[in-house]
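Here's the structure, in structure tokens; my notes come after.
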Amino acid sequence: MARELPKRSEVKEEYTWDVSAMYASKTAWEADLKEVDAIVSDLAKLEGSVMASAEKLLAALELGARAEQKIDLAFNYAERLFDQDQKNTEHQAMSQKMYGVMTDYQSRTAFVVPEILAADKATLAQYFAENKKLELYRGLVDEILRTKEHVLSSEMEKLVAMTGEMAQTPEQVYSIINNADLIYPEIEDENGEKVRLSHGNFVPFEESGDRRVRKDAFEAFYSIYKQFAGTIAGLYNGQVKQQIFYAKARNYASTLEAAVDANNVPAKVYRNLVETVNANMDKMHRYVKLRKKCLGVDELHMYDVYTPMIADAAKKVSYDEAKETVLKALAPIVEDVDYPVSYEEAKELVRKAVAPLGEEYGKLIDRALSERWIDVYENEGKRSGAYSAGAFGTHPYVLLNYNDTLDNMFTLAHEMGHAMHSWYSNANQPYIYSQYKIFVAEVASTCNEILLMEYLLANTTDKKERAYLLNHYLDSFKGTVYRQTMFAEFEMKSNQMAEEGESLNAENLCKLYYELNQKYFGEDMVSDPQIAYEWARIPHFYYNFYVYQYATSFSAAVAIAHGILEEGAPAVERYKKFLSGGCSMSPVDLLKQVGINMEEPKPIQDALDVFGKVLDEIETLI
6 MARELPKRSE VKEEYTWDVS AMYASKTAWE ADLKEVDAIV SDLAKLEGSV MASAEKLLAA
66 LELGARAEQK IDLAFNYAER LFDQDQKNTE HQAMSQKMYG VMTDYQSRTA FVVPEILAAD
126 KATLAQYFAE NKKLELYRGL VDEILRTKEH VLSSEMEKLV AMTGEMAQTP EQVYSIINNA
186 DLIYPEIEDE NGEKVRLSHG NFVPFEESGD RRVRKDAFEA FYSIYKQFAG TIAGLYNGQV
246 KQQIFYAKAR NYASTLEAAV DANNVPAKVY RNLVETVNAN MDKMHRYVKL RKKCLGVDEL
306 HMYDVYTPMI ADAAKKVSYD EAKETVLKAL APIVEDVDYP VSYEEAKELV RKAVAPLGEE
366 YGKLIDRALS ERWIDVYENE GKRSGAYSAG AFGTHPYVLL NYNDTLDNMF TLAHEMGHAM
426 HSWYSNANQP YIYSQYKIFV AEVASTCNEI LLMEYLLANT TDKKERAYLL NHYLDSFKGT
486 VYRQTMFAEF EMKSNQMAEE GESLNAENLC KLYYELNQKY FGEDMVSDPQ IAYEWARIPH
546 FYYNFYVYQY ATSFSAAVAI AHGILEEGAP AVERYKKFLS GGCSMSPVDL LKQVGINMEE
606 PKPIQDALDV FGKVLDEIET LI
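Start counting the sequence shown at 6; every next residue gets the next number (the working numbering).
Structure representation (structure tokens):
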């Protein structure tokens, strides 16, 4: 009989997150939603008079900020409950209700931005001079003015806002299908025991040293996506078509232009990534050739991509071991703290420490690992993957689906980076500037991964273990720079296809994805027919040009992490300012503060050169 996932009620409490930091109960959540409605009603009364006086402008901005802060908290509470078990119908309803609340807010307050944009610069300047409390909102108003040509009339903004709830349908339906409804086949594990595939165990099976297991898992897993490819293609087509609608409505040349402009990022940053990675495809093909050699196979297949090339050194890492190692890996940031230690010991050491940045960072990491900020293990109905999320005024929350692998340990380090970024941003910015742009969201997370890798490499003298770690480093580059850029190119080209009137049916999407897979992996890789359906299992394609940021952030993080290790305190101070910056300036300018210009090929090229050097070293060890 196959091993089944535990029900939510069967998971030990210590390995689940505690949502009570947001609301003590559903009743408190509902009470806050009533308050939101009252605040929005007060704001709606200002329609037609936002720019009547400095006081009216201030009132509109303040009420909007209050409402958005409460909506953000209520949304996070509902989503954390929903994600821990998406089969729970009560939590499904709470999640759906929040999308309705957000749509209602956007619709009832759609007049604010157009009224601000309708005012002349002299009037705005006068109001800021008259009421000093407005100064807090100067950056917000400047951002509104930046997007002036893409803002519609008040009535049109209301109409567009009214589409918000239904616009969530493709992503919501896909999430439910992908995380709750799809039933994956059973396979036999290395011991001949039947195990049902899931999102959480698929990659660990692909990491297996038993090629039969890898092949069986690969073919069985993608057989489900082949079966539902038409349905999922319909959902993806709906997602792309709605983005085309929004881009056209707001006078953007393309969905790509609209998506990146939302984060104040030039489109050339996206195209620069794709072009630079394509110009370095020889390194990726060299990696594939090395993998084929190390595994000693006549043909390298897509189910051979995740298993370690240095198989004998492969080891599982428990969650508790991962906690300990992550803390050690962060030593350049948590100076003067001797890990591993218990939480109580760590708290005392942090209190006595001299270096504020390092000690504070270490204390926060330790709190996150011991105070139920993290939902650790997979359970029935739980959302797949991993993420960090949270609301202003509470600590961040981290979702994992931990499976005792080295890769999962890096995921833990990754999500802790997100959590710390959120904490520092929230602690140092007012609510309206606390939410950093998506473009920089993956920098802190990836920086933690690189620090972890450098720590592990520095603390091994075993040749084979070093080779295994270098293998993992290569896989990080492959997965984060090359693979995510392949995803980004797929998203860019599929959107272009739709904009040009070409159908995004399953056949066309599979053809596009398969051809990209062939280009990125090269002639030494057999692009198995099942891989054509991989696009159907990628939830990030519903996040509207999100994935490219993994690759750009990885490149930036390589430079930041190496700076911390080589330069010490000055680099740490710059990094701390970056973490604390929120959206107080454009994300491109935030990175320029730490010496990184993502508008140029150099950061991408420098990261890929590191990839080449790691290839050089591992070739000398095998």
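C-beta atoms are modelled at their ideal positions from N, C-alpha and C, and glycine is treated no differently.
Spatially closest choice to Leu63 from Leu139, Gly600 and Ala185, by CA coordinates:
Leu139
Let me check one thing: in DSSP terms, what residues is Arg201 bridge-paired to?
Listed as beta-bridge partners of Arg201 by DSSP are Glu191.
Beta-carbon contacts of Ala351 that lie in its chain and below 6 Å, excluding the five residues immediately before and after
Note on Ala351: pLDDT 28, under 50, position unreliable in the model; the coordinate value appears next. Taken in chain order, the residues that qualify are Asp371.
Name the two residues that bound the continuous beta strand (DSSP E) containing Tyr402.
Tyr402 to Leu404
DSSP puts Ser393 in a beta bridge; with which residues?
Val403
Can you grab the Cα-Cα spacing for the pair Asn81 / Val448, in whole Å?
22 Å
Run of the alpha helix (DSSP H) containing Thr152, from where it starts to where it stops
Neither: Thr152 is in no alpha helix (DSSP H) and is coded neither H nor E.
Could you give the DSSP three-state label for Glu19: helix, strand or coil?
helix
Tell me which residues share the same chain as Tyr478 and place their Cβ nearer than 6 Å to its Cβ, disregarding the 5 neighbours each side in the sequence.
Met458 and Val619
What's the C-alpha gap between Glu9 and Gln535?
Between the alpha carbons of Glu9 and Gln535 lies a gap of roughly 25 Å.
I'd like the span of the alpha helix (DSSP H) that includes Arg217, first residue to last.
Arg216 to Gln232
Glu454 beta carbon less than 7 Å from that of Ala5:
Since the displayed the chain opens at 6 and closes at 627, residue 5 lies outside it and no answer follows.
Spatial neighbours of Pro209 within its chain, please: C-beta separation below 6 Å, excluding the five flanking residues on both sides.
Asn408 and Thr410
Once the 5 residues before and after Val218 are set aside, which same chain residues still bring their CB inside 8 Å of it?
So the list reads Ile192, Glu193, Asp194, Glu195 and Phe210, once near-sequence residues are dropped.
Can Ser439 and Phe397 be called in contact, C-beta distance under 7 Å?
Cβ atoms of Ser439 and Phe397: closer than 7 Å.
Across which residues does DSSP place His306 in a beta bridge pair?
In DSSP, His306 forms a bridge with Val531.
From what residue to what residue does the alpha helix (DSSP H) around Gln91 run?
Element bounds for Gln91: n/a, residue is neither H nor E.
What whole-angstrom Cβ distance do Asn268 and Pro544 have, given they're in contact under 8 Å?
In fact, because the Cβ distance is near 19 Å, the residues do not count as touching under 8 Å.
Ala65 versus Gly484, Phe550, Val146 and Gln89, residue with shortest Cα-Cα distance:
Val146
Phe226 and Phe250 - do their beta-carbons sit closer together than 7 Å?
Cβ distance not < 7 Å, so Phe250 and Phe226 don't count as in contact.
How would you write the range of the alpha helix (DSSP H) that His419 sits in, first residue to last?
Leu411 to Asn433
Between Arg151 and Asp287, what straight-line distance do the alpha-carbon atoms span, to the nearest angstrom?
40 Å
Starting from the C-beta of Tyr230, find all residues in its chain whose C-beta is less than 6 Å away, skip the five residues before and the five after it, and write them out in chain order.
Take Tyr230, set aside five residues on each side of it, and the residues of its chain with a beta-carbon closer than 6 Å to its own are Tyr538, Ala541 and Arg542, in chain order.
Glu176 and Tyr518 - do their beta-carbons sit closer together than 7 Å?
no
Exposed or buried, which one is Lys126 when buried takes at least 16 other CB atoms within 10 Å?
exposed
Among Glu528, Phe223, Asn464 and Tyr402, which one has its Cα closest to the Cα of Trp22?
Residue Tyr402 is the option with its Cα nearest to Trp22.
Below 8 Å on the Cβ atoms is my contact criterion, and I expect Arg13 with Gly386 to pass it. Report the Cβ-Cβ distance as a whole number of Å.
7 Å
Using only the heavy atoms of the ligand GDP, determine whether one of them is closer than 6 Å to the beta carbon of Ala263.
Ligands are entirely absent from the displayed structure, and the ligand GDP is therefore not among its contents.
Around the C-beta of Val302, are 16 or more other C-beta atoms found within 10 angstroms, so that it is buried, or is it exposed?
exposed
Using CA coordinates, which residue listed in Ala272, Met603 and Gly197 is at the minimum distance from Thr563?
Before going on, a small fix: residue 563 reads as Val here, not Thr. Comparing Cα positions, the closest option is Met603.
Within this structure, are the beta carbons of Leu474 and Leu461 separated by less than 7 Å?
yes
Which residues in the same chain have their Cβ closer than 7 Å to the Cβ of Asp317, if we skip the five residues on either side of it in sequence?
Confidence at Asp317 is low in this model, with a pLDDT of 49, below 50, so the placement of that residue is unreliable and no value is reported for it.
How about Ala26 and Thr399: are their beta carbons less than 7 Å apart?
A contact, by the Cβ cut-off of 7 Å.
Using the Cα positions of Ile76 and Glu162, report the straight-line distance between them to the nearest angstrom.
Cα to Cα, Ile76 sits roughly 20 Å from Glu162.
Between which two residues does the alpha helix (DSSP H) containing Phe583 stretch?
Ala574 to Ser585
Flag this pair as yes or no: are the beta carbons of Ala561 and Pro608 separated by less than 7 Å?
yes
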